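Heads up: the structure comes next, in C-alpha cells.
Number of protein chains: 2
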Amino acid sequence: MTDVRDEGKATAAVSGPEPSDKAPMREALIEAAFQLFLVHGFERTTVDDIVARAGVGRRSFFRYFPSKEDVVFPEHERCLAEMSAFLTTSTAGEPLDVVCDAARLVTRMYAANPEFSVQRYRLTREVPSLRGYELSVVHRYERTLAHYLRQRYAGDHVGALRAEVQAAAVVAAHNNGLRTWLRGGGQGDAAKAVDQSLTFVRQTWGSLGESAESGTAPAPEDDVIVMVAPRSVPMWRVVQKIEKTLGGD
Amino acid sequence: MTDVRDEGKATAAVSGPEPSDKAPMREALIEAAFQLFLVHGFERTTVDDIVARAGVGRRSFFRYFPSKEDVVFPEHERCLAEMSAFLTTSTAGEPLDVVCDAARLVTRMYAANPEFSVQRYRLTREVPSLRGYELSVVHRYERTLAHYLRQRYAGDHVGALRAEVQAAAVVAAHNNGLRTWLRGGGQGDAAKAVDQSLTFVRQTWGSLGESAESGTAPAPEDDVIVMVAPRSVPMWRVVQKIEKTLGGD
DNA sequence: TTTACGTAGGGCACTGAGTGCCATACCCTC
DNA sequence: GAGGGTATGGCACTCAGTGCCCTACGTAAA
Numbered sequence: 001m002t003d004v005r006d007e008g009k010a011t012a013a014v015s016g017p018e019p020s021d022k023a024p025m026r027e028a029l030i031e032a033a034f035q036l037f038l039v040h041g042f043e044r045t046t047v048d049d050i051v052a053r054a055g056v057g058r059r060s061f062f063r064y065f066p067s068k069e070d071v072v073f074p075e076h077e078r079c080l081a082e083m084s085a086f087l088t089t090s091t092a093g094e095p096l097d098v099v100c101d102a103a104r105l106v107t108r109m110y111a112a113n114p115e116f117s118v119q120r121y122r123l124t125r126e127v128p129s130l131r132g133y134e135l136s137v138v139h140r141y142e143r144t145l146a147h148y149l150r151q152r153y154a155g156d157h158v159g160a161l162r163a164e165v166q167a168a169a170v171v172a173a174h175n176n177g178l179r180t181w182l183r184g185g186g187q188g189d190a191a192k193a194v195d196q197s198l199t200f201v202r203q204t205w206g207s208l209g210e211s212a213e214s215g216t217a218p219a220p221e222d223d224v225i226v227m228v229a230p231r232s233v234p235m236w237r238v239v240q241k242i243e244k245t246l247g248g249d
Numbered sequence: 001m002t003d004v005r006d007e008g009k010a011t012a013a014v015s016g017p018e019p020s021d022k023a024p025m026r027e028a029l030i031e032a033a034f035q036l037f038l039v040h041g042f043e044r045t046t047v048d049d050i051v052a053r054a055g056v057g058r059r060s061f062f063r064y065f066p067s068k069e070d071v072v073f074p075e076h077e078r079c080l081a082e083m084s085a086f087l088t089t090s091t092a093g094e095p096l097d098v099v100c101d102a103a104r105l106v107t108r109m110y111a112a113n114p115e116f117s118v119q120r121y122r123l124t125r126e127v128p129s130l131r132g133y134e135l136s137v138v139h140r141y142e143r144t145l146a147h148y149l150r151q152r153y154a155g156d157h158v159g160a161l162r163a164e165v166q167a168a169a170v171v172a173a174h175n176n177g178l179r180t181w182l183r184g185g186g187q188g189d190a191a192k193a194v195d196q197s198l199t200f201v202r203q204t205w206g207s208l209g210e211s212a213e214s215g216t217a218p219a220p221e222d223d224v225i226v227m228v229a230p231r232s233v234p235m236w237r238v239v240q241k242i243e244k245t246l247g248g249d
C-alpha cells in the first residue's frame, strides 16, 4: 500500500526545502498529491499520505491549502483574480461580449495544461466532494460575471435579472464547450469548442448583430451567412445590411 | 421513451416510504437542530448537541441524515423526486414552459412554509458549508431540467447546448425571483415573484407570445431573429422570409 | 405461550479532516 | 553576534462520519 516512501523527511529537516527556486512546498504538495490521487484515488489518499510523500510536515499542508480539495484546483484562485482584474478594466463594448471574453480566461487556463486538466476532470467526475468543490468555484466565476453585468445594466429596470440569467447562460455554455474538449481527452482546440458554445449565447441576446458586416467575423461557411438582428430594427436596415454583406464579396 | 403515467400516482410512487406519516425521530431531529442553529449558529452546534436535545442516540442522527448539512434541507430530496416525476409525465407543450412549470414546484415548496424558508435562507447565507450544500442541491435541479430538455431537443443539432443554457437560465431566473421573496421576509406572493423572473427567460427564447403583463415585460429589442440562408438565395426570398417571421408573431 | 426473526435504535471505538498552540530553524538587518 | 520576522514541524485536540455489535420490541409461526 504505502510502499513508496523514500523518507525524504530527515533530509528535508537538514537541508530545508529543495533548492528549486520557483517551486517550493506548494508545488511539491501538488505533485505528491496528484501522484497518489491517480493511483489510489482521492478519497483513499489521506493528507498524511501526501505530506509523507512530499517529505514535509502535515501542518504545512494546511498552511498552503485550506482543505484537501483545494490541492486539486491550485490555479483557480489566480484565475478568479485575473477575471476580476479584466472586468474592472473593461468598461466599453457589449457587456455580454465582455463577459464571454472573461470566460475565455478560464478556457485558456485549462488549455495551458491539457494533460493536467483532463486528469483532474476524470478525477472530479467520480469524487463527490470534488464535484462539490468545483461547483463552488464555478459559482464564484458566475458571481463575478453577474456582478459586472449588474453594473453595466444599472439603468435597466430588469438589469439585475438580466445579469443573473446571462451570467448563468455564459457559464453554462462555456462549461459545455469546455467539457466537450475535456471528454475528447484534451485533443484539439479548447478555445474553438468554447467559442462555438458561446456563440449560441451571444446569438440569443443579439450581441453578434454587427458581425455580418464587419470583416472580423465572416460567415462561418463559404456558402452560408448567419444574420442576427434586433427584432425592432427597421426592415430597410436589415435589407441594407444583407446587401452590404453580399456586395462585399 | 417517457411513457405517460398518472401524475399523482407517479408522485406517490417516487415518494416511497412516506416520511410525514411515521418519522417522529426525523422530525424531532429537525426540530432540535433548528432550535440550536438559530441560537448558537450552525457551526457552533455539534451533532452531539442535537441528539442530546432530541434525546436520542448519536448514531441515529446519521441514520436519518447522511450529513449535518442535510438536516437543514429536509424536503429537497422529495421535491427533486416530484420534479422528476412531473417531467416524466410532461411530454407535450413548449419544452421551456414545461421546465418553468417544473421550477415552480420548488417555489411551491418554499412558499409552503415561509417562516422556515426565510430562517433557512438567512442561515444558509452566512454558513459556507451550507452554501456549498445548497449549490449541490441547485445543481441537481438544474441537471434534472437539462436532462429533460436534452430529450426534447433530441433532433436539434445544438440541442444539448440549448438544453444546458436554458436549464441554467431557468434556474438562475427562478432563484432570482425566489431570493427576492426571501429577502422580503417571505411576505407577499412567492409564485408571483418567480413568475416575473421566469417571464424574462420565456421571452428571451420566444415561448411567450405577446406578453399580457405590460409592466414587467422587457423591451421588445430583447427579441432577436436568427436567419440562416444559402448565400446564393435571391434577395426577394430573404426579405420574404424575414417579413414572414416578423408577421407571424 | 414460546420461539425465531426482522428491524429500529443505542453504544462504542475508530478514521481522518481541520485547527490552535508552541517550539525550532532559517534569514535578514543592525 | 544579537534580535526580530518568517517558515516549518510537532503535538494535541475537536468533530464529522462510519463500522460493528448489542439490545429492545413487535410479529409471525410452532
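Chains P and E, in that order, give the protein sequences. Residue 1 is where the first sequence starts when you use full-length UniProt numbering, and the numbers rise one by one after that. Residue 1 is where the second sequence starts when you use full-length UniProt numbering, and the numbers rise one by one after that. By construction, the Cβ of each residue, glycine as well, lies at the ideal position given by its N, Cα and C atoms. From a predicted model like this one, the values you see are computed outputs, not experimental measurements.
Using a C-beta to C-beta distance shorter than 7 angstroms, which residues of chain P count as neighbours of residue i?
i: Ser197/E; result: Leu161
i: His139/E; result: Leu135
i: Val165/E; result: Ala169, Ala172, Ala173, Phe200 and Val201
i: Gly132/E; result: Gly132 and Ser136
Throw me the rounded Cβ distance for the residue i and residue j pair, which I believe falls under 8 angstroms.
i: Met25/P; j: Val56/P; result: 6 angstroms
i: Val165/P; j: Ala169/E; result: 5 angstroms
i: Ser54/P; j: Ala28/P; result: The residue you asked about is not Ser; residue 54/P is Ala in the sequence shown. At roughly 5 angstroms, the Cβ-Cβ gap stays under 8 angstroms, so Ala54/P and Ala28/P are in contact.
i: Val51/E; j: Phe61/E; result: 5 angstroms
i: Arg59/P; j: Asp48/P; result: Rounded, the Cβ-Cβ distance is 11 angstroms, inconsistent with contact.
Determine, using beta carbons only, whether residue i and residue j come nearer to each other than 9 angstroms.
i: Ala160/E; j: Arg152/E; result: no
i: Leu80/P; j: Tyr141/P; result: yes
i: Val137/E; j: Phe73/E; result: yes
i: Gly186/E; j: Val118/E; result: yes
i: Val201/P; j: Ala163/P; result: no
i: residue 253/P; j: Arg108/P; result: Any question about residue 253/P goes unanswered here, given that chain P covers just 1 to 249.
i: Thr124/P; j: Glu134/P; result: yes
i: Leu105/E; j: Ser207/E; result: no
i: Ala103/E; j: Tyr148/E; result: no
i: Ala32/E; j: Tyr64/E; result: no
i: Trp205/E; j: Thr46/P; result: no
i: Gly132/E; j: Gly132/P; result: yes
Which chain P residues are close to residue i, counting only those with a beta carbon under 8 angstroms from its beta carbon?
i: Thr204/E; result: Val165, Thr204 and Trp205
Residues of chain E with a CB under 8 angstroms from the CB of residue i: which are they?
i: Asn176/P; result: Ala160, Leu161, Glu164 and Val165
Using 8 angstroms as the Cβ pair cut-off and three pairs as the minimum, do the stretch 181-197 of chain E and the stretch 86-99 of chain E touch?
No contact exists between the stretch 181-197 of chain E and the stretch 86-99 of chain E.
Pairs of beta-carbons, one from the stretch 68-83 of chain E and one from the stretch 28-44 of chain E, closer than 8 angstroms: are there three or more?
The stretch 68-83 of chain E is in contact with the stretch 28-44 of chain E.
Counting pairs of Cβ atoms below 8 angstroms between the stretch 110-117 of chain E and the stretch 181-188 of chain E, do you hit three or more?
Of all C-beta pairs linking the stretch 110-117 of chain E to the stretch 181-188 of chain E, three or more are shorter than 8 angstroms, placing the two stretches in contact.
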